[in-house]
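>
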Amino acid sequence: MASSLLNAGGGPGSVACAMPLPTPAEARLLLEHYVQDTYQRHHALMVATAMEGYARHFQEDAALWHVTGLLHDLDFEQHPDTHPAEELRWFREWGYPEEFIHAVEAHAHGYHGFATLPATRLAAALLACDEICGIFYAYRKLNPVRYGEMKAGSIKKKVAEPAFAAKVDRRTIHLGCQHLGMTLDEHVAHLIKSLAPLE
Ligand SMILES: [Fe+2]
Ligand SMILES: [Fe+2]
């Protein structure tokens, strides 16, 4: 497997070997190296797929948006109590683009001392997509249909019901929508379409 990729930030001198953002395929290898938990891997893929849908909608760089979604929780399994502080250090060491790093930092708004608000569309989309993917996932456990077959009204009802998937932070979903310039209705409708290809 891509050991050179996985070792890119591992040793002294790695700062000098700055690398651009990995391709989606390389990012998938990184994810599988750092994240073993099945749900966390699925969450990363969900957010990546949602982000790619928004990249197409806004005619942005689909690979950048996909990879941002795929890697946004890379350190969560190893460092849940400080997430995403550690991965931000890795990404800087690996020379990843500032736009990507900003989006990852802003997705932690309100957690572990992070207060950075999304200043780009990429960051706003990540904030808007991250937690709501947890609602889609929890809803699917109750109603095992594909994401693309879900009804917008049912998802919105679950967002408004604090006891449902209670750990999902509704505040950041609304904050993300606000910065993305989308209503929750529009956001949910987009996600149903974007997540449709996922198994
Ligand atoms: Fe996160
Ligand atoms: Fe996440």
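End of the sequence shown = 1254 in the working numbering, gap-free, step of one. Glycine is no exception: its CB is placed at the ideal position from the N, C-alpha and C atoms.
Report all residues from its chain with a CB closer than 7 Å to the CB of Ala1118; omit the five preceding and five following residues, and keep chain order.
Contacts found: Thr1078, Pro1079.
> Between Thr1238, Glu1087, Val1090, Met1106, which lies nearest to Lys1248 when the distance is taken from Cα to Cα?
If we check each option's Cα against that of Lys1248, Met1106 comes out closest.
> Can you check whether the CB of Leu1181 is closer than 8 Å to the CB of Val1122?
For Val1122 and Leu1181, no; Cβs fall outside 8 Å.
> Can you look up Met1237 in the DSSP assignment and give me helix, strand or coil?
It is coil, neither helix nor strand.
> Give every residue of the same chain whose Cβ lies closer than 7 Å to the Cβ of Thr1171, excluding the five residues on either side of it in the sequence, and list them in chain order.
Contacts found: Glu1160, Ala1161, His1164.
> Anything with a beta carbon under 5 Å from a heavy atom of ligand 2 counts; list them all in chain order.
Counting every residue whose Cβ lies closer than 5 Å to a heavy atom of ligand 2, we get Asp1128, Asp1185.
> Give me, in chain order, the residues of the same chain whose beta-carbon lies closer than 7 Å to that of Ile1190; leave out the 5 immediate sequence neighbours on both sides.
So the list reads Ile1210, Lys1213, Val1214, Ala1220, Val1223, once near-sequence residues are dropped.
> Within 7 Å: the Cβ of Ala1103 and any heavy atom of ligand 1?
Answer for Ala1103: no, Cβ out of range of ligand 1.
> For Ile1228, collect the residues of the same chain with a Cβ closer than 7 Å to its Cβ; drop the 5 residues on either side in sequence, then sort them by chain order.
Here the set comprises Ala1183, Glu1186, Ile1187, Val1214.
> Let me check you understand the geometry: is the CB of His1157 closer than 7 Å to at least one non-hydrogen atom of ligand 1?
No, since every heavy atom of ligand 1 falls outside the 7 Å radius drawn around the Cβ of His1157.
> To the nearest whole angstrom, what separates the beta carbons of Arg1176 and Leu1125, a pair I think is in contact under 8 Å?
With 8 Å as the limit, Arg1176 and Leu1125 do not qualify as a contact, their Cβ atoms being about 18 Å apart.
> Three or more C-beta pairs under 8 Å: does that hold for the stretch 1127-1142 against the stretch 1097-1115?
Enough Cβ pairs lie closer than 8 Å, so yes.
> Hey, could you find the ends of the alpha helix (DSSP H) Leu1085 is sitting in?
That run of the alpha helix (DSSP H) goes 1079-1089.
> Is Ala1207 near Ala1244, with beta carbons less than 8 Å apart?
Going by C-beta atoms, Ala1207 is nearer than 8 Å to Ala1244.
> Going by the C-beta, is Pro1139 closer than 7 Å to any heavy atom of ligand 1?
Yes, since a heavy atom of ligand 1 falls inside the 7 Å radius drawn around the Cβ of Pro1139.
> Between Asp1092, Gln1095, Leu1086, Tyr1109, which has its C-alpha nearest Gly1236's C-alpha?
If we check each option's Cα against that of Gly1236, Tyr1109 comes out closest.
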